[in-house]
Structures are given as C-alpha cells and as structure tokens.
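Here's the structure we're looking at; comments come further down.
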Amino acid sequence: MRGDVRIAAPPRIVWEALNDPEFLKGLIPGCQSMERLSDTETLATVKVKLGILSVTFSGKILLSNIRAPDSYTISAEGQGGIAGFARGSADVVMVREGNETLLSYEAKANVEGKLAQMGGKLIDATVGKLARRFFDDFNAAVSERAKA
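This note's numbering puts the last residue of the sequence shown at 158; the count rises by one with no breaks.
Below is the structure:
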C-alpha cells in the first residue's frame with residue numbers, strides 16, 4: 011500500500027509530531043498505550059476490529075534509516091493472542107512544498123495465524139481505512155500545532 015498526504019505544516023513540525031508518542035496515542039485508531047523505550051523503540055498496544063474479530067495487538071515499533079526531518083523506516087510487530095501475529099513496515103518520506111509537507115509512504119504488512127485465514131482483501135481494506143483515518147486526524151492535529 012502506498013499513499014501521499016499533504017499536511018499544512020513544515021516538515022520539522024511534522025517530524026516532531028511523528029516522533030511524539032503522547033501526541034500519536036490520541037490519533038492512532040484503537041491505540042490504548044504507547045511507551046517510548048528509546049529514540050528508536052516504542053512499545054504499543056492497539057485494539058483493531060477486523061471483520062467480526064476485535065483483536066488487541068501488543069508489540070514494538072522500531073525506527074531505522076533515520077534522516078531527520080526527511081525520512082525514515084518504521085517497522086512494527088505485534089502479538090494478537092489467539093488471533094495471531096502481525097508484522098509490517100513503512101518507508102516514510104517528507105518533502106517541503108512551501109509552508110506544507112508532502113508526506114509519502116509505502117507500507118507492507120504480513121499476518122499469521124487466524125488473521126491470515128481471514129483473507130488479504132479484508133486485512134488490506136481495514137489497514138487502508140485505518141491509515142486514511144489516522145492521516146486525516148494527524149493532518150488536522152499537526153495543522154493546529156503549526157498555528158500555535
């Protein structure tokens with residue numbers, strides 16, 4: 011999955027927001043907790059509805075290939091109990107366009123266990139919907155932060 015989001019804030023502010031667990035916690039759909047372990051590691055618990063299943067994933071988020079404030083790779087893996095395991099990563103690039111930022115991402119995900127039996131189309135549709143919701147909310151919140 012790939013996408014582009016235009017954010018009404020300069021890259022420095024977008025970068026700071028993307029790296030602030032407390033800020034992100036309220037924007038990530040279903041996020042129950044986020045705890046920063048280091049500049050590159052965060053623990054998170056997220057509850058997601060996939061079809062008729064409601065799954066709580068607990069896992070770790072890692073940042074790599076960091077070129078602040080322009081790009082990085084974000085990787086995550088989480089255990090969803092009897093539902094299975096999920097792993098994913100996204101390459102994120104930010105480009106200044108005037109007073110705005112064009113954020114581009116390319117993501118991939120892999121699920122195992124009962125989740126894998128649900129079918130890729132349902133998983134992809136759910137991930138796409140959650141990503142759009144996150145970026146809509148993120149854009150609004152970061153735009154407000156930039157005005158302050």
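Using N, Cα and C, we set each Cβ at its ideal position, and we do this for glycine too.
| Span of the beta strand (DSSP E) around N149 | In the sequence shown, the residue the question calls residue 149 occupies position 139. No beta strand (DSSP E) holds N149; the alpha helix (DSSP H) holding it covers G130 to K157.
| query | What does a CB cutoff of less than 8 Å around P21 pick up in its chain, not counting 5 residues either side in sequence? | reply | In the sequence shown, residue 21 corresponds to position 11, counting from 1. Cβ neighbours of P21 beyond the five flanking positions: P79, D80, M104, V105, R106 and T111.
| N- and C-terminal bounds of the alpha helix (DSSP H) containing L34 | Reading the sequence shown from its first residue, position 24 is the one you call residue 34. Where L34 is concerned, the enclosing alpha helix (DSSP H) stretches over P31 to K35.
| query | Should A150 be labelled buried (16 or more other beta-carbon atoms within 10 Å of its own) or exposed? | reply | Locating residue 150 in the sequence shown gives position 140, where the first residue counts as 1. Exposed: under 16 other Cβ atoms inside 10 Å.
| task | Find out if the Cβ-Cβ distance for the pair A86, S68 is shorter than 9 Å. | result | Numbered from its first residue, the sequence shown carries residue 86 at position 76. Numbered from its first residue, the sequence shown carries residue 68 at position 58. Not in contact: A86 and S68 (Cβ atoms no closer than 9 Å).
| message | Buried or exposed, going by whether 16 or more other CB atoms sit within 10 Å of the CB of N29? | response | For the purposes of this step, residue 29 is identified with residue 19 of the sequence shown, where counting begins at 1. Buried, by the Cβ-count rule.
| Same chain, Cβ closer than 7 Å to R16, neighbours up to 5 away in sequence not counted | Against the sequence shown, residue 16 aligns to sequence position 6. Cβ within range, chain order: E110 and L112.
| task | Rank G91, A54 and I84 by C-alpha distance to the C-alpha of P39 and give the top, closest one. | result | As a first step, residue 39 is located in the sequence shown; it is residue number 29 there, counting from the start. When only C-alpha atoms are compared, the closest one is A54.
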